[in-house]
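S.K.: Residue numbers (our numbering), protein chains in the order written: chain A, 478 to 545; chain B, 424 to 1079.
Right, I'll just put the structure down here and ask away after.
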Amino acid sequence: MTYGGRKMETGINKIIKLLENEISDDKILLDFLIVLLRKETFEYSAWYKDPYQRMIEKAIALGWKNAD
Amino acid sequence: MQIEKISLKNYRQFRDIEIVFNESANFKLHRFLGSNGVGKTTLLNAINWCLYNDEPHLTKESDVLPIVNLNTIKDSKDGDDIIIEVNIQLKSGDNRIINFVRRSIYTCTKNNINPMFKNTVLRVRYIDDEGNSIWKDDEEEVSQAVSRFVPLKLREYFFFDGERLETYFTVQSRDKIKNAVMAISEIEVLRRTENRLDEILKLYRRNSGSLSPDLKKIEEKISKKEIKLKELNKKLEGIETTLSDSINKVEEYNKNLEGLPNVDELNKRYNEYNDARKNIESDINIENSRKNQFLYDLSKILLLRGPVSDYLKIIKDKKNKKEIPVVNDKTLIQDILSDKHCNICNRSLDDNSIIFVQQVLDDIKLSTNIATKLMISESNLSVIDNMINNLNDKIKSQGKILITKHKYLTKTQQMINKIDNELSGHNQEQISKWHRERKTFQDIIIYKSQEKGDIKSHIETTTNELESMNVQYQDELKKVDKKQKYNYLIEFTKKSLNIIKNINKKMIIEVKKQIEKDTKDNFFKLIWKTTTFKDVTIDDDFNVRLIHIDDYSMLGSASRAETELLALAFTIALHNISGFEAPIIIDTPVARVSDINRENFGSSLVKLSEFTQVILLFTPDEFTTNIRKIIDPAAINKYELKLTSDEKEVILNVIS
């Protein structure tokens, strides 16, 4: 499968796949980290303008609890 | 994605040219042939210009010329706008078409040969499999489209000069390779994220210090420990870099010293043999003096040898005849004389007989004296005779000693000559310098390996201490953070950071494994030698090692073509890990490879085109008859680039 000429299972997509396997039971954390990584790739910089701390606070406000 | 077509208008020597790259079921190979300065590198630049708006392969000669075609400028009037356009048409595996079209506008001015730059725009057009097309010109969207084809930071792994393959594994390129792997696999994204989360975690901890003095103390301790850990990690990184550089250096020296004599070792042996020769010569002189002394001693008594020998012979004869020692019965004869009667014949002596017997008695006296003298002489003469024989024996034995010494001298001299031969014609100073420098790096490897072990154990201890401080911190935080303000923030950030760190480690391991496997597969798929190489390995620092069948690392001593092939195999592995299915364009692909290896390398490029689109730009010098025989049967498109008679425009000839 390709995305604009690039295989999906590579680079950031591969990282996200690994992430999904690692924390499948913590949706808030998973979403947060995916957004973070997308933000860092500058792929969708316009979509995620929030600074990190604001994003962390949002995740806590969503009711995040440490499952460990 | 494959390049299907490139159209160039008014771009440097390309006034209006369309190059088609046909599809083929077998080899995706296209070749260009053109002398230097005709436009091969300009084509490579045109692709870069279209996609990234720069020309990284520009020569000094081209740099001073305007980007606008010279004939177009000549045909334009003052104030005319000239459009430069490069259109790259790509086709994806699912039959969608993408066009990257860069247009720049330049205005001609009367007093300036260089038209004035006005603007440049890159647009992208998507055509789906049903023929519906849509143009995009939003800067971010277009830049993303380029990034999905070949991102700027990775372009040099897709569009490059053949020279790049040659210098791929030098020490200078090592960091570049590591950075490229990090960029290609997007591990650098994880690193950036890790750093940011780490900063935020520290910030939260610092802020939480206001909750209690104890918490502040622990936080300060943690900060100090973290700084220490960071320093240790930096030190470790430095050691690893030095180690890796030293290993590469040793390999470089191995390559330089391949087939050359070990001059230091040979000189050492030369000196040893030379010393031995001097000793033997001195021994020979001593033994010769000794022999001469014997000869001198012998010469002094040698004249006596004849007479001594004669006398001894006489004595011997006399002894044999029992003449000596003389039987001396004087009393009997004296009794006969006094009795005047012979008791032996029992008759009386007359006067004549008495005179006769008296005479015999006198004679016996004389013979006894001679015999006694002879007897005495015999022992003295024997001493002289023994002396002569002894000296003779000594001279003979001395002769034997001298023969042995001379044989040894000849053998030693032969060894000296052999070493002389081995050393002759070589720059001994240079070789010796290389040996010394290699030894320095070998010593560094030993020393740094020990240091690495020490630092690693130090890091482990510090990490454990840090962990225990963190537990202490968490416990204290739970006590004082009644509203759980920082508790959640820190826990969440810490968990995020740990996950990212984990993924980072996993990614590095996976990427390394994948690149190692792909490089190895590609190399063994393309290499022409079947029994020389055993393995291709990649260490944690992404240093590529080529392992000989006898288990030693041999990249330093591999031929230029083999090194270039390994670089190509590694490049393809990078392509694979990147996920970008873009073509490979190589300018002067075999120029630096000679002899049979050039043909082998050419064949490998043909093989490569079975699974990747390959565009090769040859000069006539490198495109030998043999290379032509290998490349042309597989090439779908064969083009020849020539210049018009005024040398301002490229003519594209299609070779059938």
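We treat Cβ as the ideally placed atom computed from N, Cα and C, and that holds for glycine.
Since the structure is predicted, the reported quantities are computational estimates derived from the model, not experimental observations.
Check whether the segment 901-918 of chain B and the segment 695-702 of chain B are in contact - that is, three or more C-beta pairs closer than 8 Å.
M.R.: With a cut-off of 8 Å, the segment 695-702 of chain B and the segment 901-918 of chain B do not count as touching, because too few Cβ pairs lie within range.
S.K.: Rounding to the nearest angstrom, what Cα-Cα distance links Val547/B and Asn522/B in this structure?
M.R.: Going from the Cα of Val547/B to the Cα of Asn522/B covers about 5 Å.
S.K.: Could you tell me whether the segment 936-948 of chain B touches the segment 528-538 of chain A, using the rule of 3 or more Cβ pairs below 8 Å?
M.R.: Verdict: no, contact absent.
S.K.: What does Ile500/A reach in chain B if we use C-beta pairs closer than 8 Å?
M.R.: Result: Ile922.
S.K.: Answer yes or no: do Lys483/B and Leu1040/B have a C-beta to C-beta separation smaller than 8 Å?
M.R.: Contact: no.
S.K.: Could you tell me the distance, in whole angstroms, from the CA atom of Leu988/B to the CA atom of Thr1035/B?
M.R.: So the alpha carbons of these two residues sit roughly 15 Å apart.
S.K.: Helix, strand or coil: how does DSSP classify Thr532/B here?
M.R.: Reduced to three states, the DSSP call for Thr532/B is strand.
S.K.: List the residues of chain A whose Cβ lies closer than 8 Å to the Cβ of Met930/B, in chain order.
M.R.: Simply Lys491, Ile492, Leu495.
S.K.: In chain order, what residues of the same chain lie with their CB nearer than 7 Å to the CB of Asn679/B, ignoring the 5 residues before and after it?
M.R.: Within the same chain, Asn679/B has close Cβ partners Trp857.
S.K.: Taking the alpha-carbon positions, what's the Leu721/B to Ser805/B distance?
M.R.: Answer to the nearest angstrom: the Cα atoms are 15 Å apart.
S.K.: What does a CB cutoff of less than 8 Å around Thr543/B pick up in its chain, not counting 5 residues either side in sequence?
M.R.: Excluding residues within five positions, the ones whose Cβ falls inside 8 Å are Asn476, Arg525, Arg526, Ser527, Ile528.
S.K.: Helix, strand or coil for Tyr591/B per DSSP?
M.R.: Correct three-state label for Tyr591/B: coil.
S.K.: Using three-state DSSP, classify Pro538/B as helix, strand or coil.
M.R.: Three-state result, Pro538/B: strand.
S.K.: Name the DSSP bridge partner or partners of Val1037/B?
M.R.: DSSP output for Val1037/B lists Leu452/B, Ile1007/B as bridge partner(s).
S.K.: Grab the span of the beta strand (DSSP E) containing Arg438/B for me, first residue to last.
M.R.: That run of the beta strand (DSSP E) goes 437-443.
S.K.: With DSSP as the reference, label Glu563/B as helix, strand or coil.
M.R.: Glu563/B falls in the helix class under three-state DSSP.
S.K.: Taking the alpha carbon of His480/B as the reference point, which residue from Ile1009/B, Asn510/B, Ile824/B has its own alpha carbon closest?
M.R.: Among Ile1009/B, Asn510/B, Ile824/B, the Cα nearest to that of His480/B is on Ile1009/B.
S.K.: In the DSSP assignment, the beta strand (DSSP E) including Arg968/B goes from what residue to what residue?
M.R.: 967-971 is the span of the beta strand (DSSP E), which, as asked, contains Arg968/B.
S.K.: Using only CA atoms, which one of Val903/B, Leu735/B, Gln757/B lies nearest to Ile747/B?
M.R.: Closest option to Ile747/B, Cα to Cα, is Leu735/B.
S.K.: Could you spell out where the beta strand (DSSP E) holding Phe956/B opens and where it closes?
M.R.: Segment 956-961, the beta strand (DSSP E) holding Phe956/B.
S.K.: Take every Cβ of the segment 606-620 of chain B, pair it with every Cβ of the segment 912-932 of chain B, and state whether three or more of those distances are shorter than 8 Å.
M.R.: With a cut-off of 8 Å, the segment 912-932 of chain B and the segment 606-620 of chain B count as touching, because enough Cβ pairs lie within range.
S.K.: Just verifying my parser: in three-state terms, what is the DSSP assignment at Ile950/B?
M.R.: Coil at Ile950/B, not helix or strand.
S.K.: From the beta carbon of Lys428/B, is the nearest beta carbon of chain A less than 8 Å away?
M.R.: For Lys428/B, the answer is no, since every Cβ of chain A falls outside 8 Å of its Cβ.
S.K.: On the premise that Ile520/B lies in contact with Gln512/B, defined as a C-beta separation below 8 Å, what is that separation, rounded to the nearest angstrom?
M.R.: About 6 Å; that satisfies the 8 Å criterion.
S.K.: Within the 8 Å Cβ cut-off, does Glu484/B reach chain A?
M.R.: Output row for Glu484/B: interface = no.
S.K.: Ignoring anything shorter than 4 residues or poking outside the segment 449-534 of chain B, list the alpha helix (DSSP H) runs there in chain order.
M.R.: Those alpha helix (DSSP H) runs which fall completely within the segment 449-534 of chain B and span 4+ residues are 463-475, 483-486, 493-498.
S.K.: Secondary structure at Phe864/B, three-state DSSP: helix, strand or coil?
M.R.: Three-state result, Phe864/B: helix.
S.K.: Compare the C-alpha of Asp877/B against each of Lys741/B, Leu659/B, Ile1050/B, Arg861/B and name the closest.
M.R.: Nearest C-alpha to Asp877/B: Leu659/B.
S.K.: For Thr1067/B, name the three-state secondary structure that DSSP assigns.
M.R.: In this structure, Thr1067/B counts as coil in the three-state DSSP scheme.
S.K.: Tell me which residue opens and which closes the beta strand (DSSP E) that Val673/B is part of.
M.R.: Taken as a continuous stretch (DSSP letters only), Val673/B belongs to no beta strand (DSSP E), being part of the alpha helix (DSSP H) at 636-680.
S.K.: Which residues share a DSSP beta bridge with Leu539/A?
M.R.: DSSP lists no partner for Leu539/A.
S.K.: Identify the residues that DSSP records as bridge partners of Val1077/B: which are they?
M.R.: Per DSSP, Tyr1062/B.
S.K.: Residues of chain B with a CB under 9 Å from the CB of Leu513/A: which are they?
M.R.: The contacting residues are Thr616, Arg619, Leu620, Ser919, Ile923.
S.K.: Kindly indicate which three-state DSSP category Val547/B falls into: helix, strand or coil?
M.R.: DSSP places Val547/B in strand when its eight states are reduced to three.
S.K.: What residues match up with Ile429/B in a beta bridge as DSSP calls it?
M.R.: In the DSSP output, where bridge partners are listed per residue, Ile429/B has Ile442/B, Ile511/B.
S.K.: Expressed to the nearest angstrom, what Euclidean distance is found between the alpha-carbon atoms of Thr616/B and Glu649/B?
M.R.: Approximately 18 Å between the Cα atoms of the pair.
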